[in-house]
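Chains as they are written, first to last, in my numbering: chain A, 103 to 267; chain B, 4 to 249. Every residue, glycine too, gets a C-beta built ideally from N, C-alpha and C. Structure first, commentary second.
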């Protein structure tokens with residue numbers, strides 16, 4: 103692992119200004135989609151970005167936003183690489199992202215994707231509003247591919263749950 | 004190799020288009036969103052595979068040219084995915100049969116010696132697990148539901164079963180890919196698919212239909228008229244205004 107150069111550190115700082123278009127309280131670093139930043143000198147800056155879901159329409163918006171943020175800051179030549187492998191996982195959400203999601207009203211992933219039989223048993227999802235563990239899944243899919251629809255049976259509020267994948 | 008990428012990619016693309024027809028029309032909002040989201044994942048797979056095919060073709064063409072400017076006989080999708088949506092039962096059964104097949108395929112394709120296919124498979128299988136959980140959940144709810152839902156979903160299963168055998172008979176494109184070591188032999192996916200499907204059908208109190216003689220050749224470019232109609236709608240914009248962009 104090569105230590106980040108001052109230029110690369112500056113790019114990382116700028117990327118913290120780029121929001122996820124679908125959950126704008128998170129930036130792309132917190133979302134865990136930025137895989138690398140490379141200063142390729144005369145060839146410009148390369149940023150590796152992993153799509154969250156293969157068909158997620160936010161992917162292209164994210165790539166365009168990264169380019170425009172870096173260009174605004176004076177980086178003229180910016181390339182955004184789409185990095186498919188290893189595939190993005192919800193485990194890459196940062197701790198601060200999980201906290202922000204809760205405050206925003208979205209329950210963060212309840213467990214690590216590595217946990218056994220994760221897909222076949224229901225995780226306990228905590229209501230982001232009242233913290234009750236008495237919740238039920240309404241639908242496997244919600245307003246975006248990365249979320250499921252839940253309902254709290256204590257406070258009766260519906261809410262979205264950021265799926266483990 | 005290009006034909007193999009199209010075989011897998013076209014299957015995802017055509018099913019995505021079918022699911023897209025249901026946006027705003029599914030029986031409940033939650034199912035509308037679910038089917039749209041599944042369609043979106045499939046579209047993502049298709050875009051990746053068609054881009055890969057376009058690169059292999061090497062004449063400067065793009066994924067869009069392959070999606071919007073090919074004629075029906077050049078599409079290599081499974082015949083199953085071009086079948087109409089029918090009622091919700093038929094939509095779900097078709098999804099369930101394809102999801103189970105994709106799970107088997109992507110599981111094996113992750114070991115492909117072609118990195119593009121292996122990467123896509125490793126990414127897509129995570130999404131396909133959710134698709135399968137959704138579709139198999141509905142097969143059980145409908146099959147083990149009311150008398151009417153049971154009857155409808157059994158009718159759909161009986162109608163669509165004849166298209167499943169095609170999944171496991173290698174087309175020329177698949178034979179070429181198997182010989183090159185980049186894809187699993189389709190026949191080797193049958194046992195895993197069968198046991199996956201049987202387990203759900205049993206819980207759903209549905210009867211597995213008898214296998215019928217194989218006579219569907221979507222993967223060879225021989226399609227039903229359903230595909231022509233689907234493409235007429237999907238391609239109309241690019242056919243009318245070539246090169247138009249959003």
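Integer Cβ distance of residue i from residue j, believed to fall under 8 angstroms
{"i": "residue 131/B", "j": "residue 161/B", "result": "Actually they do not touch by this definition, with Cβ atoms about 25 angstroms apart."}
{"i": "residue 142/B", "j": "residue 203/B", "result": "6 angstroms"}
{"i": "residue 207/B", "j": "residue 146/B", "result": "3 angstroms"}
{"i": "residue 136/B", "j": "residue 242/A", "result": "7 angstroms"}
{"i": "residue 212/B", "j": "residue 164/B", "result": "4 angstroms"}
{"i": "residue 210/A", "j": "residue 204/A", "result": "6 angstroms"}
{"i": "residue 4/B", "j": "residue 180/B", "result": "7 angstroms"}
Exposed unless 16 or more other CB atoms sit within 10 angstroms - verdict on residue i
{"i": "residue 144/B", "result": "exposed"}
{"i": "residue 197/A", "result": "exposed"}
{"i": "residue 138/A", "result": "exposed"}
{"i": "residue 171/A", "result": "buried"}
{"i": "residue 12/B", "result": "buried"}
{"i": "residue 97/B", "result": "buried"}
{"i": "residue 10/B", "result": "buried"}
{"i": "residue 174/B", "result": "buried"}
{"i": "residue 232/A", "result": "exposed"}
{"i": "residue 228/A", "result": "buried"}
{"i": "residue 247/A", "result": "buried"}
{"i": "residue 87/B", "result": "exposed"}
{"i": "residue 129/B", "result": "buried"}
{"i": "residue 177/B", "result": "buried"}
{"i": "residue 240/B", "result": "exposed"}
{"i": "residue 115/B", "result": "buried"}
{"i": "residue 173/A", "result": "exposed"}
{"i": "residue 228/B", "result": "exposed"}
{"i": "residue 249/A", "result": "buried"}
{"i": "residue 236/A", "result": "exposed"}
{"i": "residue 2/B", "result": "Summary: the structure shown does not reach residue 2/B, with chain B confined to residues 4 through 249, and so no result is reported for it."}
{"i": "residue 111/A", "result": "exposed"}
{"i": "residue 63/B", "result": "exposed"}
Below-7 angstroms beta-carbon distance, residue i vs any chain E residue
{"i": "residue 206/A", "result": "Of the chains in the structure shown, none is chain E; the protein chains are A and B."}
Within 7 angstroms, strictly: CB atoms of residue i and residue j
{"i": "residue 44/B", "j": "residue 155/A", "result": "yes"}
{"i": "residue 6/B", "j": "residue 221/B", "result": "no"}
{"i": "residue 213/A", "j": "residue 225/A", "result": "yes"}
{"i": "residue 8/B", "j": "residue 52/B", "result": "yes"}
{"i": "residue 182/A", "j": "residue 168/A", "result": "yes"}
{"i": "residue 31/B", "j": "residue 93/B", "result": "no"}
{"i": "residue 261/A", "j": "residue 207/A", "result": "yes"}
{"i": "residue 160/A", "j": "residue 123/A", "result": "yes"}
{"i": "residue 66/B", "j": "residue 50/B", "result": "yes"}
{"i": "residue 141/A", "j": "residue 163/A", "result": "no"}
{"i": "residue 58/B", "j": "residue 127/B", "result": "no"}
{"i": "residue 135/A", "j": "residue 117/A", "result": "no"}
{"i": "residue 26/B", "j": "residue 37/B", "result": "no"}
{"i": "residue 244/B", "j": "residue 172/B", "result": "no"}
{"i": "residue 219/B", "j": "residue 169/B", "result": "yes"}
CA nearest to the CA of residue i, picked from the options
{"i": "residue 153/B", "options": "90/B, 178/B, 23/B and 172/B", "result": "90/B"}
{"i": "residue 139/B", "options": "196/B, 182/B and 177/B", "result": "196/B"}
{"i": "residue 240/A", "options": "234/A, 166/A, 176/A and 259/A", "result": "259/A"}
{"i": "residue 149/A", "options": "227/A, 180/A and 111/A", "result": "180/A"}
{"i": "residue 238/A", "options": "246/A, 256/A and 199/A", "result": "256/A"}
{"i": "residue 209/B", "options": "191/B, 35/B, 39/B and 150/B", "result": "150/B"}
{"i": "residue 76/B", "options": "238/B, 226/B and 235/B", "result": "226/B"}
{"i": "residue 134/B", "options": "164/B, 106/B and 119/B", "result": "106/B"}
{"i": "residue 120/A", "options": "254/A, 175/A and 109/A", "result": "175/A"}
{"i": "residue 146/A", "options": "116/A, 177/A and 161/A", "result": "177/A"}
{"i": "residue 167/B", "options": "65/B, 190/B, 234/B and 47/B", "result": "190/B"}
{"i": "residue 237/B", "options": "69/B, 33/B and 4/B", "result": "69/B"}
{"i": "residue 230/B", "options": "49/B, 78/B, 217/B and 4/B", "result": "78/B"}
{"i": "residue 194/A", "options": "140/A, 266/A and 113/A", "result": "266/A"}
{"i": "residue 224/B", "options": "42/B, 28/B and 74/B", "result": "74/B"}
{"i": "residue 192/B", "options": "242/B, 179/B, 14/B and 104/B", "result": "104/B"}
{"i": "residue 245/A", "options": "201/B, 182/B, 35/B and 156/B", "result": "35/B"}
{"i": "residue 114/A", "options": "125/A, 144/A, 126/A and 151/A", "result": "151/A"}
{"i": "residue 156/B", "options": "95/B, 242/B, 54/B and 22/B", "result": "95/B"}
{"i": "residue 14/B", "options": "84/B, 242/B and 33/B", "result": "84/B"}
{"i": "residue 200/A", "options": "106/A, 125/A and 105/A", "result": "125/A"}
{"i": "residue 234/B", "options": "80/B, 29/B and 194/B", "result": "80/B"}
{"i": "residue 99/B", "options": "182/B, 22/B, 242/B and 54/B", "result": "22/B"}
Distance cut-off 6 angstroms: residue i Cβ against heavy atoms of the ligand ZN
{"i": "residue 106/B", "result": "Ligands displayed in this structure: none; no statement on the ligand ZN is therefore possible."}
Would you check if there are 3 or more beta carbon pairs closer than 8 angstroms linking the stretch 109–119 of chain B to the stretch 174–189 of chain B?
yes
Decide yes or no for the touch test of the stretch 4–19 of chain B against the stretch 121–133 of chain A: beta carbon pairs closer than 8 angstroms, at least 3 of them.
no
May I ask you to verify whether the stretch 176–195 of chain A touches the stretch 143–159 of chain A, counting CB pairs closer than 8 angstroms and requiring at least 3?
yes
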